[in-house]
Structures are given as C-alpha cells and as structure tokens.
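In this text, residue positions in the sequence shown follow the working numbering: the first is 352, and each later residue adds one.
In this text, a Cβ means the ideal position worked out from N, Cα and C, and glycines have one as well.
Since we're looking at a predicted model, the values are computed, not measured.
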Amino acid sequence: AIIVGGTLMALGHFAMAFPSLPFFFSALILLIMGNGFFKPNISTVVGSLYEQNDPRRDSGFTIFYMGINLGAFFSPLVCSTLGEKIGWHWGFGAAGVGMVIGLSMYLWGQKAFLGEKCLKPSNPSKKYYVPILLLSAILLFLISSAFQFSGYKIKESIPSYIYWIAAIFVVFGLIYSYASKPEKSTLTHIEKQRIAVIFIMVFFAIFFWAAFEQAGSSLTLFADKETNRILNIFGWKWEMPAGYFQSVNPLLIFILAPFFSKLWIKLSEINKEPSSPLKFSIGLALLGIGFIIMIIAAGVYQQHGPVSVFWLLGAYFFHTLGELCLSPVGLSLVTKLAPAQFTSLMMGVWFLSSFAANFVGGFFAGNYDTMNHTLFYMIPTATAFGSAILLFIITPKLRKWMHGIH
Numbered sequence: 352a353i354i355v356g357g358t359l360m361a362l363g364h365f366a367m368a369f370p371s372l373p374f375f376f377s378a379l380i381l382l383i384m385g386n387g388f389f390k391p392n393i394s395t396v397v398g399s400l401y402e403q404n405d406p407r408r409d410s411g412f413t414i415f416y417m418g419i420n421l422g423a424f425f426s427p428l429v430c431s432t433l434g435e436k437i438g439w440h441w442g443f444g445a446a447g448v449g450m451v452i453g454l455s456m457y458l459w460g461q462k463a464f465l466g467e468k469c470l471k472p473s474n475p476s477k478k479y480y481v482p483i484l485l486l487s488a489i490l491l492f493l494i495s496s497a498f499q500f501s502g503y504k505i506k507e508s509i510p511s512y513i514y515w516i517a518a519i520f521v522v523f524g525l526i527y528s529y530a531s532k533p534e535k536s537t538l539t540h541i542e543k544q545r546i547a548v549i550f551i552m553v554f555f556a557i558f559f560w561a562a563f564e565q566a567g568s569s570l571t572l573f574a575d576k577e578t579n580r581i582l583n584i585f586g587w588k589w590e591m592p593a594g595y596f597q598s599v600n601p602l603l604i605f606i607l608a609p610f611f612s613k614l615w616i617k618l619s620e621i622n623k624e625p626s627s628p629l630k631f632s633i634g635l636a637l638l639g640i641g642f643i644i645m646i647i648a649a650g651v652y653q654q655h656g657p658v659s660v661f662w663l664l665g666a667y668f669f670h671t672l673g674e675l676c677l678s679p680v681g682l683s684l685v686t687k688l689a690p691a692q693f694t695s696l697m698m699g700v701w702f703l704s705s706f707a708a709n710f711v712g713g714f715f716a717g718n719y720d721t722m723n724h725t726l727f728y729m730i731p732t733a734t735a736f737g738s739a740i741l742l743f744i745i746t747p748k749l750r751k752w753m754h755g756i757h
C-alpha cells in the first residue's frame, strides 16, 4: 500500500508540472488517492516496529516526525525558489522528484530494516481490498480526466452539497464494511473502550490543528503585512519573504525532536513520563502560550506599526513545542490502542482530524481582515487553554479506559 501510494503521489506531482487545468484536476485526484494509501500505512509500519508496551514508541514516532519535517523545511525553500525564479510548475516537478527519491529509499531499506512483521498484512483475508480500491481510484481518475479534457464543467453541473453527501457515504461505507465482518465479534470490552479513547483524542486534536494551522493563513498574513522583515546583517539589508516563515516550524522540529525523543525515554526510566492524554493537554497549553505572544504582537503593531520578526519566532517556538507533545504522540497512541485489524483504519480516523481542523481553521482565518487582530488571536488562545483544561480534567477517566496503555 505504501509503494502504491508513493507512486500515485509522485505521478500526481509530475502531472502538476504541466500548466493545464485538466492536468491540475487529474493531479489532485492522484495526490488524494496516493495520500490515502500512503499516509495511514506508513505510520502503522512505524508502530509495528515496537512491542505493545515498549517505552521507546513515543520516541520512535518523534524521530519519524522529525524526518517528515525535514522535508517540510526544504520544500518551501526549494519549491518557492524554483517557482519565483523559473516557474511554479517546476516547483511541483521538484516535489515529484523528491517523492521518487523517498520511495527508492523505502524500497531499498524495507527488507533490511523493517522485517517480515512490518511487511505482512495484519489480516491477509482483506488483501483484495487493495486491488479493488486501486481499480476504483484508476476509474475515478480516468472518468474525471475525460470530463476535464472534454471541457465539461463538472462543478457547475453538480451542487456542492452532493460532494459532502458522497464523502459521508464513503466514510460510513468503510466503517460498515469493517464492522460487518466476523472479526467484529472478537472486539472485547477493553478494545472498545480503547477505540473510544482514540475518538476522544481525535476530537481534541481538531481544536489543536484548527489553531495551529493559522500558520499557513493568518500568521502568514501577519508576517507579510504587520512584521518588519527587513534584516540588517552587517550593513547588508535583506527583506525576508513572508513564505520563508513556513520553514520555521519544521526547522524547530528538526532541532527539538531529538530532545523530546530522549526526554520521553528518560522520564520513562524514572517512572515520571506523562500519559499520552496529559501530553496532549500540555501541547494544547503550549499552543495557547504561543497565541498569547501573538495577542501582544498585534497590540504592539496597533500602537507602533510593523513589529520585529522575533514575535512570530516566539509564537512558532511554543507552537512547535506543543506540536511535539501532541502530533507524534497521537500517532503512537493510535498504534498502541487500536486492535491490529483496525490500526490503519484508526490511523485514517486520526488524520480526519486534520481535515476537520483545516476546514474550521480556514473558515476562521477568513475573518482575519474584518476583525480586530488582538481579538482575533484571543479566540484560538481561549480555545487552546479551554480544551487543555477540559482534557486535563478527564485524563484520569481516559487512562482507566486505556487499560494499562501509557
């Protein structure tokens, strides 16, 4: 599934390199299909490297997360530079080259480092799902491409709510297909409570990501319009592009992830490691601190004009600390709590939090130009601290439902 997903994503990026609207929509379909195969399963493979109660699991996912963000650090620099200097479609092509390199590394190292345990399906009876889904994806791609190349306006012919109805049917169809299988009877009371914990943590993750993803919208607008980005380096003045701030978070993750990886192991050795729900709560609180900095920065701008880049850097620093307490821990938690036959499905549920959060966060960011910016940043601050407090209160109950999983 990972190989299929990586191949589809590479093809999608290469299709984006062609400056044509039909190629654009076809590329989006390939990227969506590839992401569906790739993203949940690569995280599941990382979890399968560790035994159930291995204290190194959270640390392993933190290292995995560091690798993800190494790519996230270089991608804005490489793609934006190619886009601005040569053409944006060269940037998309570069993303495809990066995917091919990563897929080649995976193919080279999978047997040497992953072992048979990671490569064997947890439920071989469902192997037919992959070719069926792949065939469906190919048909969707061909039909959509035919419509696009013929000039037929799909979106103008179908009301937007039809897409939402279709998405809901797909989600419930997948859940029903799993729940209606014989293995559903093997779910014990403990496993059901652990799955309930996953859904609760997904709910809180939505609040985190809805605020965190302001980095790509309102915080970027703040960097562009309200931040003094002119740096004076020994008499040489350079104006930092606002888009470069998108690389601050992955750079900080790359720097801080090894520290967190060692921290969780050291705390585990002395029986002081926080539980996963408590780590989530800490992450939400740190996110709130970052937005307090933005409240102050917005107030300074209103009084004195463009502010120093250090305000944004300070906010990104605390946001990154919060992210490292929540995102890799969440991936690890899903692999610990989900029954083996549901791990990839539950990983997909976890990633649904990003979909919901981006939808909510994008809607909220749309009000940035019409709201007082100090008040604007108060809303994610209150949301982050409120959800952190609520999660802290219910943590003892969640730990009980986790039945020994830390």
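{"Item": "Cβ of ALA561 within 7 Å of Cβ of VAL685?", "Value": "no"}
{"Item": "Within its chain, find whatever has a CB closer than 7 Å to the CB of PHE389; leave out the 5 residues flanking it on each side and keep chain order.", "Value": "ILE353, GLY356, GLY357, MET360"}
{"Item": "For ASN420, does the three-state DSSP call read helix, strand or coil?", "Value": "helix"}
{"Item": "How big is the Cα-Cα spacing for MET753 and PHE611?", "Value": "23 Å"}
{"Item": "Sort GLU674, PHE661, LEU726, MET456 by Cα distance to LEU635 and report the nearest one.", "Value": "GLU674"}
{"Item": "With DSSP run on the structure shown, which of helix, strand or coil describes GLU674?", "Value": "helix"}
{"Item": "Tell me which residues share the same chain as ASP409 and place their Cβ nearer than 6 Å to its Cβ, disregarding the 5 neighbours each side in the sequence.", "Value": "TRP615, VAL680, SER683"}
{"Item": "Please state whether DSSP places THR432 in a helix, a strand or coil.", "Value": "helix"}
{"Item": "Quick check: what's the CA-CA separation for THR539 versus GLY363?", "Value": "41 Å"}
{"Item": "Give the single residue among ASP720, GLY460, LYS687, TYR728 whose Cα lies nearest to the Cα of ILE756.", "Value": "LYS687"}
{"Item": "I'd like the ranges of any alpha helix (DSSP H) spanning at least 4 consecutive residues and lying wholly in the region 683-753.", "Value": "694-716, 724-753"}
{"Item": "Taking its Cβ as the centre, do 16 or more other Cβ atoms sit within 10 Å of MET450, making it buried, or is it exposed?", "Value": "buried"}
{"Item": "Spatial neighbours of ILE642 within its chain, please: CB distance less than 6 Å, with the 5 preceding and 5 following residues excluded, ordered by chain position.", "Value": "The sequence given here places Phe at residue 642; Ile does not occur at that position. Around PHE642: TYR728, PRO731, THR732."}
{"Item": "According to DSSP, simplified to helix, strand and coil, what is ILE633?", "Value": "helix"}
{"Item": "Output the boundary residues of the alpha helix (DSSP H) element that contains LYS588.", "Value": "It is not in any alpha helix (DSSP H) - LYS588 instead sits in the beta strand (DSSP E) that spans 587-590."}
{"Item": "In the DSSP output, which residue or residues are listed as bridge partners for LEU582?", "Value": "TRP589"}
{"Item": "From the DSSP output, read off the bridge partner residues of VAL658.", "Value": "THR578"}
{"Item": "Is it true that the CB of THR734 sits closer than 7 Å to the CB of ALA649?", "Value": "no"}
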